[in-house]
Each structure stands twice: as C-alpha cells, then as structure tokens.
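J.: Protein sequence lines, in the order shown, are assigned to chains A and B.
Mapping of the first sequence onto my numbering: residues 7 to 339, in sequence order.
Mapping of the second sequence onto my numbering: residues 5 to 270, in sequence order.
Attaching a single structure in structure tokens format; questions to follow.
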Amino acid sequence: MAEYKGVLVCGELAEGKLASVTTELLGCGRKLADELKEGLYCLLASDRVGDASKEAIAFGADKVHTVEHPALKEYQADSYLQVAEKLAKDVSPRVILIGQTSMGRDLAPRLAFRLGTSVTTDCLNLSIDPATRLLVQTHPVYGGNAQAVFTSESMPQMVTVRAKTMSQLERNASRKGEVIPIKMDIDTSKVRTKIVETVKEEAVGIKLEDAPVIVSGGRGMGGPQPFQTILKELADLLHGAVGASRPPADNGWVPEHLHIGLTGKIVAPDIYIAVAISGASQHTAGCSGSKHIIAINKDPEANIFREAQFGVVGKYEEVLPAFTNKLKELLAA
Amino acid sequence: MPVNMVVCCKQVPDPEAPPAVFKVVNNKMTLPPEVKPVIGQYEEFALEAALKIKDTVGGKITAVSLGNNFVRDVIKKSLAVGADELILLEDKAFEDGDSWSTANALAAAIKKIGAYDIIFCGRQSSDWDAGQVGLGIAEMLGIPAVTLARKVEVSNGKAKVERVIPDGYQVIEVTLPAVIVVTSGIGALRYATLKGIMAAAKKQPVVWKPADIGIDASKLGAAGRRSKLDKLFQPVKESKCEIIGGDTTAEAGAKLAVRLREAKLL
C-alpha cells in the first residue's frame, strides 16, 4: 500500500497572481501539516505561473509544484484533471485542500472519483483528530440549517474549503521552500469541451467581494426598480455595492453576479445592510462573515434579526428613505 | 435529431421551510409533518432545462429518482410537467448514501436505460448540499460534464452551454453524450397543465431494486459510503440584535442612522 503523507493545496491564480483563496488554504494547510508533523505542498498550474510560486512559499508552502502549459491558460476540467491526477498520485498526500470556487467545485468531485476516494465540499472547519490522525471535516448542510462532521478513511482525504473562512499566514518573504517545475504533456485530444467565448457581465464600479459596505435587497423588494434607485442611492453614499439574496437573482431583478449566498457569492464586508431579506440560511451562508449586519424587515420574526446587530422593524419604503436622508445629514456635518 | 435525456430528481424536505423548523435529533434531521417533501430546487431547474430542449428539438425525458418511501404525488411531478417516464430506485438499501454510493447506483441505472445523449442533474441537492453526484455519474460513465449551466442548446451531436462564472459566463461546447449540471437562471420549472396532471395520474413509475441494476447491497446507500457522518449538529446562535424603534417607522429609520453613527460603524 502506498504511503500517504503531507497536505497538498491545489492552488489557483487570479490574473497571474496567487488567488486569495489559495493563501487562505495555505494558512489552513500549514496548521494541519504542522499538527501532522508533515509537509505542505502546493500545486500551481497555468500557462504561466511566474512569481506566484515564490508567493506560495511566503504564505506557508514547503514545496511548490508548478506546471506550465498553454492548455492551462483557462480552466477546463479535462486538461486540469490530467495535471491534478498525476500530481496527486506522485506526491501521494494524506490530505488535499481545494477552494470551493468556480474551479474547485468543478474539479474536486471529478478528482476524488478518479482517485477512488471521497471529497467533502464547502468545509467551514478542518482539524486533525489526534487519536486517529484523520481529517475532521465540517460541512454545512440543509441550506445551512445544520452542520455535518465527516471523516473518511479512504486516502487521500479530500475537501473543498469555503472562501473567507480560513486565515492566511502573514506573508514572510524569507520563508524557505522549494519550487519544483514539472514538465508535463497535456493530451489535448482528451479535452472534450471547448470554451467558445468568455463574457464578463460584472457592472462597472466596486466589486461585490471587495466592497467595505454592501446594501443588499431580498424578495421583499418586490421588483427590479428599487435595486437601481433606493438601494443604489444608499450604497453610493457609503461607497459600497448593491447585492441581493437569491430570489431577486432567480426572478431576473438583478444579474446573477449580485447574488450573495450559499450558491452565489460569499462576502465579508465591514457593514452588511440587509433590506427586506428574510434571512434564510441559504442567504446568511454568504454574508455571516460580515463584521456588522444591519437588518430592515417588516417581519419582526424574520430570521435575519438573529444574525443582525442592529435592526429596524418596518416597511423598507418607509424606513430606508429616512435612514438614508439622516445619514446624509450626519455624514455632511 | 430528437434527444434522449435523463434527469436525476431527488425528493427532499422543502428547503423553503422556515429555519426554525429544522431540528437535529440524535444526529438526524427531523422535520414536523407539515413540512412536505418536494423535488429539490436545482433538480427542478434541471427538469426545466430538459423540457426546453424537448420543446425545441424534440426528444424523450426519463426522470430517475433514488431513495426510499417516495411520496408518489411529489415524485410524479416530473411526469406531470412533461417527462415521458419515471424510474424509481426505491429500496431501503438506497437510504443514507454519500455522493459516491448515490452516483454509483445512478450511473448503473442510466447504463441500464441505455440510450442517453444528455444527463441533467441539479448543481447540489437541497439537503446535503454536496454538489458531486452529476460529476460522479460523468466519471463513472466516462463522459464529459459541464457544470453550472444556465442555458443549453443542442445541435449536430453537440450541446452549447452557458456556464456561470463569478463575473459573467462562458459559452462551452461539449460533445454528447454528456452530463450537464444545472444552476438557477435556466428559468423556473413550468407549472403542470391539467392535461399533464391527468396523464401523470394514469402512469405508473417503474421501480428498480438493487438487483435490477446489478449492484451488491454492500456498495449501496449507507453501507457503500466512503465518508462517514460522525455528527450532525446545529450551532447555537444567540440573537443579540438591538431593535431601534420610533413613533413611526420613518423615525426609527432616522434613529438607526444616528445609532450607527454613534457606534462609529458609518
């Protein structure tokens, strides 16, 4: 039987740089590896990896395996899988960490099935059981209404990790590590999908994930218009962005990329103002990392008041204009 | 060219039920009887994707559900909205599986169905939220898969899929047969017509047992799990919300602004 050792992070690049989710995985992976007294490895695969490999070391990796190939410019499962499967077999890690991202959601289950193991997706918490040395994996279920703790004895133990739930280490450029470039042929005849076109839909202005303040509307907004007027006015005043829960996105009131929640974006702004959002667990899964949640809802029993620090019970049509006007006055003073 | 489609539909407790009714007792989710089972929300989108293709190029839709003790009126919704056949993998042995044992059984059933061009799945079930079964089926059948589809068109033995990415979408062409994993944006599942409901009432689902798909019970359901559920729990959350009041709701709104300013939040 092969020996499984160490923790492997399947990294991602964003616009040529190490993605923030990868630095978070490295922070989490470092702790797990230290507990196991084993190494932390990172895979970076792209058309060009560049300095990101050194960054991965600065953020905690002991060894960074890099694969550069033109076929890896954009993520496609059939090309990435060839790389990830080979590396997973060569490195033979005990644990594989992947981000619960657009790529991770698509890659991790396929890789697990190919390696003949299991994966727990969207984990919020990971630890090592000192008695069994198994990875204890916590994954929210029932739309966030409960959490399940899994372990698996089939190796490697694979998980995907929700963004913004793990802390990265402080960047330390003097950390020592090794970059191992791997020459690999990718059989492009095995790639059964073709990206015909990539279309950016994101609105101009501040990105939802980076906004310090988010003003978010729910089903109770009643239609598309208030997102462009009353919510936007407040968001602009606070130099923030407008977001939404799932119903407005499903109903086409706002574009899908504004959807915050379990199956949308995960955000963690300083201030999250939830307007006419009931606070279903599917939604709070995407915003509960916010520093301060403020809720405006006409239903005093709405679940959002359990998450919020401050709240007003009332119709948003009455509460919000008065709130925005008073705030304008206070900010101008 | 008519398209042979399989749609995987799971029966789950209504995910829209208020959070307070979800209660974990002895490591099991227990729900009061007034919470009715439904077909999972993403599986409904998957059904709609298949129906749209049937509308435009024609074809046959076979719905497949795996579990035990299906509520016939709930699970037959697929027939009422326009699926041609419903196969139920229904047995105690199918209960409490993980993504691996579920995908393994579904893949075996789909092989038995034989003719398939597209297998539609929802992006994740509304109960365990794992998001793996569609990809598992693709791996087991050795066919490609496209995830997070919000639009699907079929022509010349290929599917053109709009795949949602964080800042927009990609148009992806995939050779058939393929698994297509559907997300919201495809459009809500159509209502069943009276005619559809009447037709569904006359149809009986086909029930397959483990022996019918040739899989040993040790690889099914709870016995076939690769990952072990150690614990199911609900983190205790204490509400600490400070409710700001006023003589009118507008006044409360203005007071909220003052309070947030005081607290130096804004």
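Backbone N, C-alpha and C define an ideal beta-carbon position, used for all residues, glycine too.
Please confirm whether Ile176 of chain B has its beta-carbon closer than 9 Å to some beta-carbon of chain A.
T.: Counting from one through the second sequence, the residue named residue 176 of chain B turns up at place 172. By this cut-off, Ile176 of chain B is an interface position.
J.: Have a look at the DSSP bridge pairing and note the partners of Ser180 of chain A.
T.: The count along the first sequence starts at 1 and reaches residue 180 of chain A at position 174. Answer by DSSP bridge pairing: none, since Ser180 of chain A is not bridged.
J.: Select from the region 119–135 of chain B all residues with a C-beta closer than 9 Å to any C-beta belonging to chain A, and list them in chain order.
T.: Those would be Arg127, Gln128, Ser130, Asp131, Trp132, Asp133, Ala134 and Gly135, in chain order.
J.: Does the beta-carbon distance from Gly44 of chain B to Val25 of chain B come in below 9 Å?
T.: For the purposes of this step, residue 44 of chain B is taken as residue 40 along the second sequence, with counting starting at 1. For the purposes of this step, residue 25 of chain B is taken as residue 21 along the second sequence, with counting starting at 1. No. Outside cutoff.
J.: Suppose you measure from the CA of Val137 of chain B to the CA of His145 of chain A; what does that come to, to the nearest Å?
T.: The count along the second sequence starts at 1 and reaches residue 137 of chain B at position 133. The count along the first sequence starts at 1 and reaches residue 145 of chain A at position 139. In a straight line, the C-alpha of Val137 of chain B is about 16 Å away from that of His145 of chain A.
J.: Using only the alpha-carbon positions, how far apart do Val28 of chain B and Leu236 of chain B sit?
T.: Position 24 of the second sequence, counting from 1, holds the residue named residue 28 of chain B. Position 232 of the second sequence, counting from 1, holds the residue named residue 236 of chain B. Each residue's Cα considered, the two are about 7 Å apart.
J.: Look at Leu269 of chain B and Ile277 of chain A and say whether their C-beta atoms are less than 9 Å apart.
T.: Against the second sequence, residue 269 of chain B aligns to sequence position 265. Against the first sequence, residue 277 of chain A aligns to sequence position 271. Yes. Within cutoff.
J.: Can you find a CB in chain B that lies within less than 9 Å of the CB of Pro327 of chain A?
T.: In the first sequence, counting from the first residue as 1, residue 327 of chain A sits at position 321. Yes, Pro327 of chain A lies at the interface with chain B (some Cβ there is under 9 Å from its Cβ).
J.: Please report how far the alpha carbon of Leu139 of chain B lies from the alpha carbon of Asp133 of chain B, in whole angstroms.
T.: By one-based count along the second sequence, residue 139 of chain B stands at place 135. By one-based count along the second sequence, residue 133 of chain B stands at place 129. If I take the Cα positions, the gap works out to 14 Å.
J.: State the Cα-Cα distance for the pair Glu255 of chain B and Val273 of chain A, rounded to the nearest angstrom.
T.: Residue numbering aside, residue 255 of chain B sits at position 251 when the second sequence is read from its first letter. Residue numbering aside, residue 273 of chain A sits at position 267 when the first sequence is read from its first letter. Going from the Cα of Glu255 of chain B to the Cα of Val273 of chain A covers about 30 Å.
J.: Sort A:Leu49, A:Leu337 and A:Leu141 by Cα distance to Asp234 of chain B and report the nearest one.
T.: Numbered from its first residue, the second sequence carries residue 234 of chain B at position 230. Answer by Cα proximity: A:Leu141.
J.: Taking just the CA atoms, how far does Leu38 of chain A sit from Cys129 of chain A?
T.: As a first step, residue 129 of chain A is located in the first sequence; it is residue number 123 there, counting from the start. As a first step, residue 38 of chain A is located in the first sequence; it is residue number 32 there, counting from the start. Straight-line Cα distance between these residues: approximately 14 Å.
J.: Using beta carbons (cut-off 9 Å, strictly below), is Ser231 of chain B in contact with chain A?
T.: Working through the second sequence from its first residue, we reach residue 231 of chain B at position 227. Taking Cβ atoms only, chain A reaches closer than 9 Å to Ser231 of chain B, which makes this a yes.
J.: Using Cβ-Cβ distances below 9 Å, what residues of the region 248–270 of chain B are close to chain A?
T.: The region 248–270 of chain B vs chain A, Cβ under 9 Å: Ile248, Gly249, Gly250, Thr252, Thr253, Ala254, Glu255, Ala256, Gly257, Ala258, Lys259, Leu260, Ala261, Val262, Arg263, Leu264, Arg265, Ala267, Leu269 and Leu270.
J.: Less than 6 Å between C-beta atoms, sequence neighbours within five positions excluded: which residues of the same chain meet that for Arg120 of chain A?
T.: For the purposes of this step, residue 120 of chain A is taken as the residue at position 114 of the first sequence. So the list reads Glu91, once near-sequence residues are dropped.
J.: Measure from the C-beta of Ala225 of chain B to each C-beta in chain A and report whether the shortest distance is under 9 Å.
T.: Residue numbering aside, residue 225 of chain B sits at position 221 when the second sequence is read from its first letter. Note that residue 225 of chain B is Gly in the sequence shown here, rather than Ala. No, its Cβ sits nowhere closer than 9 Å to a Cβ of chain A.
J.: For Ala109 of chain B and chain A, any beta-carbon pair shorter than 9 Å?
T.: Start at 1 with the first residue of the second sequence, and residue 109 of chain B comes out as number 105. Not closer than 9 Å to any Cβ of chain A, the Cβ of Ala109 of chain B fails to qualify, so no.
J.: Which residue wins for smallest C-alpha separation from Leu35 of chain B, given the options B:Pro19, B:Lys207 and B:Phe49?
T.: Against the second sequence, residue 35 of chain B aligns to sequence position 31. Considering only alpha carbons, the answer is B:Pro19.
J.: Chain A beta carbons: is any one of them nearer than 9 Å to that of Ser188 of chain B?
T.: On the second sequence, residue 188 of chain B is found 184 positions in, with the first residue counted as 1. Closer than 9 Å: yes.
J.: According to DSSP, is Ser124 of chain A part of a helix, a strand, or is it coil?
T.: Against the first sequence, residue 124 of chain A aligns to sequence position 118. The answer is coil: DSSP assigns Ser124 of chain A none of H, G, I, E or B.
J.: Can you name the start and end residues of the alpha helix (DSSP H) that Phe233 of chain A belongs to?
T.: On the first sequence, residue 233 of chain A is found 227 positions in, with the first residue counted as 1. Unbroken alpha helix (DSSP H) run through Phe233 of chain A: Gln231 to Gln234.
J.: What are the residues that DSSP puts in a beta bridge with His245 of chain A?
T.: What you label residue 245 of chain A is simply residue 239 of the first sequence in a count that begins at 1. Bridge partners of His245 of chain A: none, in fact.
J.: Look up Trp212 of chain B in the DSSP assignment and give the residues it is bridged to.
T.: The sequence position of residue 212 of chain B within the second sequence is 208, counting from 1. Beta-bridge pairing links Trp212 of chain B to B:Leu93.
J.: Tell me the residue span of the beta strand (DSSP E) that contains Ile169 of chain B.
T.: Along the second sequence, read from residue 1 onward, the residue named residue 169 of chain B stands at position 165. From DSSP, the beta strand (DSSP E) with Ile169 of chain B extends over Lys162 to Ile169.
J.: Please state the DSSP three-state secondary structure of Ala18 of chain A.
T.: Counted from its first residue, the first sequence places residue 18 of chain A at position 12. Checking the sequence shown, residue 18 of chain A turns out to be Glu, not Ala. Three-state result, Glu18 of chain A: coil.
J.: Kindly provide the ranges of any beta strand (DSSP E) runs that are 3 or more residues long and lie completely inside the region 14–102 of chain B, ordered along the chain.
T.: Counting whole runs of 3 or more residues, the region 14–102 of chain B contains the beta strand (DSSP E) stretches 15–17, 27–29, 32–34, 41–43, 63–71 and 89–94.
J.: Looking at C-beta atoms only, is the number of pairs between the region 28–37 of chain A and the region 62–69 of chain A that lie closer than 8 Å three or more?
T.: Yes, since at least three Cβ pairs between the region 28–37 of chain A and the region 62–69 of chain A fall closer than 8 Å, the two stretches touch.
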